[in-house]
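Chemist: Attaching a single structure in structure tokens format; questions to follow.
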Ligand code: ZN
């Protein structure tokens, strides 16, 4: 079985479509897993929700997903994120709201736990250091865990007592074996590792490898839509730097 793993789409439909086109060019994928933040920041939240529904993606909730439907106070977010969420909330249909309301905080799929932030704090914690990874290995019982939220593709491996971290590049895959691993596939809609290309992963249960892919997309098209929508300019600009 082959699984496409997407995170942090953030209303960037152009990036999402480029990723789906890239997936379609490869061997067939059996299921799409989404690690939350379908909406927020980007100009086409409703369209991204519709596409995830159409694809029957297995999706968990992100902090922006619940922020957009008023389940957490917008004061929790920085001012530009909050401004984009207020804009997003106005664009959502009642069916979009229901979709976001019904997203679970975690999902288990075979050997994997799917979560947006971290196993110990599914909506809010960033697993960004070996320290946070080490602590979080105690909070899930599956062998592997997939996280989003940081928008940075990284793998943490538990080797005996040591935790190692590794930046994920498109060239080399991660062999998933006995050792426990936390993997972040990076962001589809707003990468922050300095590479502005959309990021996603594929896990192939036949060979046991997770592989990262980066995809060029028409960043300018998304930026134009954001400007037209009146979304904050800092959010528009960061798409081209990937930071
Ligand atoms: Zn996010």
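In the numbering used here, the protein residues as written are 2 to 244. For every residue, glycine included, the Cβ atom is placed at its ideal position computed from N, Cα and C.
1) Looking at the structure shown, is residue 143 part of a helix, part of a strand, or coil, going by DSSP?
2) For ligand 2, any of its heavy atoms closer than 6 Å to the Cβ of residue 9?
3) Does the Cβ-Cβ distance between residue 53 and residue 30 come in under 7 Å?
4) Would you say the beta carbon of residue 194 is closer than 6 Å to some non-hydrogen atom of ligand 1?
5) Taking the continuous alpha helix (DSSP H) assigned at residue 220, which residues delimit it?
6) Please list the terminal residues of the continuous beta strand (DSSP E) segment that includes residue 183.
7) Note down the Cα distance separating residue 203 from residue 3, rounded to an integer number of angstroms.
8) In whole angstroms, give me the CA-to-CA distance for residue 152 and residue 93.
9) Using only the alpha-carbon positions, how far apart do residue 46 and residue 169 sit?
10) What did DSSP end up calling residue 41 once you bin it into helix, strand or coil?
11) At the level of alpha carbons, what is the spacing between residue 230 and residue 205?
12) Quick check: is any heavy atom of ligand 1 less than 6 Å from the C-beta of residue 66?
13) Note the first and the last residue of the continuous beta strand (DSSP E) segment covering residue 202.
14) Which residues in the same chain have their Cβ closer than 7 Å to the Cβ of residue 195, if we skip the five residues on either side of it in sequence?
15) For residue 112, verify whether its CB is less than 6 Å away from any heavy atom of ligand 1.
16) Would you check if the distance between the CB atom of residue 245 and the CB atom of residue 123 is smaller than 7 Å?
17) Is residue 89 near residue 132, with beta carbons less than 7 Å apart?
18) Return the chain-ordered list of same chain residues with a C-beta closer than 6 Å to the C-beta of residue 245, the five sequence neighbours on each side being excluded.
19) With distance defined between alpha-carbon atoms, name the residue in 33, 103, 82, 96 nearest to residue 191.
Modeler: Judging by the given coordinates:
1) Coil, per DSSP.
2) Ligand 2 is not part of this structure, which contains only ligand 1.
3) At the C-beta level, residue 53 and residue 30 stay beyond 7 Å of one another.
4) no
5) 220-230
6) 181-185
7) Cα-Cα distance, rounded: 7 Å.
8) 24 Å
9) 27 Å
10) Assigned with DSSP and collapsed to three states, residue 41 falls in coil, not helix or strand.
11) 39 Å
12) No, Cβ of residue 66 sits at least 6 Å from all heavy atoms of ligand 1.
13) 199-205
14) When the five nearest sequence neighbours on each side are left out, the beta carbons in the same chain lying within less than 7 Å of the beta carbon of residue 195 are those of 243, 244, in order along the chain.
15) no
16) Outside the shown range of the chain, which is 2 to 244, sits residue 245, and nothing can be said about it.
17) no
18) With the chain represented from 2 up to 244, any question about residue 245 goes unanswered, as that position is not in the structure.
19) 82
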